[in-house]
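Presented below is the structure to which this report refers.
Protein chains: 2
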Amino acid sequence: MPVKNIDKARGSTTGRPIMILLDMLGKRWTLRIMWELRDRPLTFRDLQKQCGDISPTTLNSRLRELRDFEIISHDTGGYCYTALGAELGAQMTELDNWSRKWASQLNDSQA
Amino acid sequence: MPVKNIDKARGSTTGRPIMILLDMLGKRWTLRIMWELRDRPLTFRDLQKQCGDISPTTLNSRLRELRDFEIISHDTGGYCYTALGAELGAQMTELDNWSRKWASQLNDSQA
DNA sequence: TCTTGACGCTACAAAATATGTAGCGTATCT
DNA sequence: AGATACGCTACATATTTTGTAGCGTCAAGA
Chain G
7 MPVKNIDKAR GSTTGRPIMI LLDMLGKRWT LRIMWELRDR PLTFRDLQKQ CGDISPTTLN
67 SRLRELRDFE IISHDTGGYC YTALGAELGA QMTELDNWSR KWASQLNDSQ A
Chain H
7 MPVKNIDKAR GSTTGRPIMI LLDMLGKRWT LRIMWELRDR PLTFRDLQKQ CGDISPTTLN
67 SRLRELRDFE IISHDTGGYC YTALGAELGA QMTELDNWSR KWASQLNDSQ A
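Chains G and H, in that order, are what the protein sequence lines are. Residues 7 to 117 (the numbering used here) make up the first sequence, in order. Residues 7 to 117 (the numbering used here) make up the second sequence, in order.
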């Protein structure tokens, strides 16, 4: 029996892990949720507030997917990274660093 | 004059670079396009083939956004990373590494 | 015990986004 | 001239996301 739905994620016919990951992260709000969880657990309602405009329907669907894939877990403190999820979460920090550099360069090129 | 549309990206009212980045990467196909360009330039039609199911409408819209933000450029060889874009592209490799570890752990947990 | 508040979520119609097919105009080879 | 590849656009259909309302559970306080 194959790993949950890992073989039939949207747009991913190959079953290659990177494709499944890109597919999941490429859904609206997934990256944002990962970002918001970067340094503390958050409840469902906390996440709704932090993300501003996310609908509960979509939030629930993203959280379910992240849980199914064991990237986050849910306990009494709220939603938080699993051990492996934390390593992916660390990439969020890299993206943040890159984005600052990017923003300053874009400003330069249009000064 | 502010940087192009950097202040009014979808879901991003703050103008914080990370929000704009997450917003852009969170649109379907953006990450996939970055991935496909990781080690060589590709033409519009190459990208269509590599991505399998992407519609030309969507592809064009993503390429335009990536170009506007100076992450990719387009010359006679096709679409490819800018210098800064290449640094973001390098993150794709990190995601790939993570995804392999992830896949093997998911398999273990369901063996 | 009653009420108040937070919790995680579901329902569902409306709006926004992406798809799939067809094909246009340009350029470059033969 | 004809064939081919290029980057794209049009547009109707399909899929995804939103926004609002509200349900059922639980725990603390009056």
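Note that beta-carbon positions come from the ideal geometry of N, C-alpha and C, so glycine has one too. Every value quoted in this text rests on a predicted model; they were computed, and no experiment measured them.
Where do the ends of the beta strand (DSSP E) carrying H/Ile78 lie? 78–81
Are at least three pairs of beta-carbons, each pair with one atom in the segment 20–38 of chain G and one in the segment 30–48 of chain H, less than 8 Å apart? yes
Does the segment 64–74 of chain G come within contact of the segment 101–110 of chain H, defined as at least 3 CB pairs closer than 8 Å? no
Keeping to the same chain, check which residues put their C-beta closer than 8 Å to that of G/Glu2; ignore five residues upstream and five downstream. Chain G is shown from 7 up to 117; residue 2 of chain G falls before or after that span and cannot be answered.
In the segment 21–93 of chain H, which residue ranges form an unbroken beta strand (DSSP E) of at least 3 residues, counting only runs that do not cross its ends? 78–81, 84–87
Check whether the Cβ atoms of H/Pro23 and G/Ala96 sit closer than 8 Å, and answer yes or no. no
Are the C-beta atoms of G/Gly95 and some chain H residue less than 8 Å apart? no
Beta-carbon proximity list for G/Thr82, same chain, < 8 Å, skipping 5 on both sides: none
How many Å lie between H/Asp74 and H/Cys86 at the Cα? 14 Å
Count the other CB atoms, across all protein chains shown, that sit within 10 Å of the CB of H/Arg70; report buried if there are 16 or more and exposed otherwise. exposed
Residues in the same chain with beta-carbon distance under 7 Å from H/Ser79, minus the five sequence neighbours each way, listed in chain order, please. Arg73, Cys86, Thr88
Could you compute how far the alpha carbon of H/Leu94 sits from the alpha carbon of G/Gln56? 25 Å
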